[in-house]
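Residue numbers (the numbering used here): 21 to 232.
Written out below as structure tokens is the structure these notes cover.
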């Protein structure tokens, strides 16, 4: 199947998922067990592995609320909680349409197994979100070039069937098992929080958890 058709099939799954009524939310212990399961693609994380609080975000690179979180909230979260060893932050893909799938694949190719490069790529992709949507191919090649990838490297990345399959599998797991149906969706020590959060709201939640 051509790459575009494969991406389109994944995009159709995501869009159809938005119109399915989720089942009752699993209890917290079950959710924690599911979140801890090994993912098709390795988790990309910032912060100490044994931090008392773990935040897992499911996001889409064409989601404006996700971009706002990355630009306005994550830097403050990192300064106050991640860099001080209190929070581990994990980013997982939940692309809402085809262009987000392509952007997620590029971020993975840029990163390899380097989490910091992954988050650096996400930062640039979110900052150029409008261009990613309007001029996908050219923008992805430009961003890839910033990280040392040739145009051929970017083309090869976007044709990586194994990676595409793993992104699709991770997304299906999140939808079926964790009841993720929109972005951003956060799990804060296993508690699901749907939708955008200000730093002030997140700060209050974290203060409560860390005082326990």
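The C-beta atom is built at its ideal place from N, Cα and C for all residues, glycine as well.
Pull the bridge partners of residue 76 from the DSSP assignment, please.
110, 207
Grouping DSSP H, G and I as helix and E and B as strand, with all else coil, what is residue 81?
coil
To which residues of the same chain is residue 177 closer than 7 Å at the C-beta, ignoring the five residues directly before and after it?
125, 126, 129
Strictly by DSSP, which residues pair up with residue 262?
Because the chain here runs from 21 to 232, residue 262 falls outside it and cannot be looked at.
Any heavy atom of the ligand SAM inside 7 Å of the beta-carbon of residue 143?
Ligands are entirely absent from the displayed structure, and the ligand SAM is therefore not among its contents.
I'd like to check one pair, residue 114 with residue 174: are the Cβ atoms closer than 8 Å?
no
According to the Cβ coordinates, are residue 142 and residue 111 closer than 8 Å?
yes
Considering only the alpha carbon of each residue, which of 77, 53, 140, 152 lies closest to residue 107?
77
Identity of the residue in 91, 197, 183 nearest residue 219 by Cα:
91
Just to check my reading of the structure: residue 89 and residue 204 have Cβ atoms closer than 8 Å, yes? What is that Cβ distance to the nearest angstrom?
6 Å
Could you check if residue 51 is buried or exposed, using at least 16 other CB atoms within 10 Å of its CB as the buried criterion?
buried
Is residue 159 closer than 8 Å to residue 172 when the C-beta atoms are compared?
no
Starting from the N-terminal side, write out each stretch of the alpha helix (DSSP H) that is 4 residues or longer and does not extend beyond the region 121 to 173.
135 to 147, 149 to 154, 156 to 166
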